[in-house]
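A.B. asks: Counting in numbering that gives the first Met the number 0, the sequence shown runs from 0 upward without gaps. A virtual CB, placed ideally from N, CA and C, is assigned to each residue, including glycine. Computed from a predicted structure; not experimentally measured. Sending over a structure as structure tokens; questions will come in a sec.
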Amino acid sequence: MKEAKKRLRSTQRQHEAMLRKSKYEKIMKAHEGDQQTFYRLIANQRKDGSVQTTCLKVEENLLSTPNDIRNGWADYFEELATPHYNKNSYQNQVELDCLFFGRHL
Numbered sequence: 000m001k002e003a004k005k006r007l008r009s010t011q012r013q014h015e016a017m018l019r020k021s022k023y024e025k026i027m028k029a030h031e032g033d034q035q036t037f038y039r040l041i042a043n044q045r046k047d048g049s050v051q052t053t054c055l056k057v058e059e060n061l062l063s064t065p066n067d068i069r070n071g072w073a074d075y076f077e078e079l080a081t082p083h084y085n086k087n088s089y090q091n092q093v094e095l096d097c098l099f100f101g102r103h104l
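Laid out in structure tokens, this is it:
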């Protein structure tokens, strides 16, 4: 089952890569001749990557308004950026560092 999923994802990535390559080739061909087609393809290329998030689940809360979603992301990144020190692991690391440097000095 795991191997089948891996092959499926690999095949999907290869297919997406072929589609991207095809789009780029069309853009390059249009650039050489037809300006209108060139700019239309560029505009379509830019549109494809933009996806709006309509809801966001943070812990057990489901956020659905744009303001709530922004605040949810802000809280997430604030939590992510805040270091959390475990006093015991920090003390253990300091002791290991002292032992290591004591032997090598």
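Can you check which of these residues, H83, F37, V57 and K86, is closest to W72 by C-alpha distance?
C.D. replies: V57
A.B. asks: Please tell me whether I68 and L62 are closer than 7 angstroms, where the distance is taken between their beta carbons.
C.D. replies: yes
A.B. asks: With DSSP collapsed to three states, give me the class of N43.
C.D. replies: helix
A.B. asks: Could you give the first and the last residue of the continuous alpha helix (DSSP H) run that contains N70?
C.D. replies: P65 to A80
A.B. asks: Return the chain-ordered list of same chain residues with a C-beta closer than 6 angstroms to the C-beta of N87, the five sequence neighbours on each side being excluded.
C.D. replies: none
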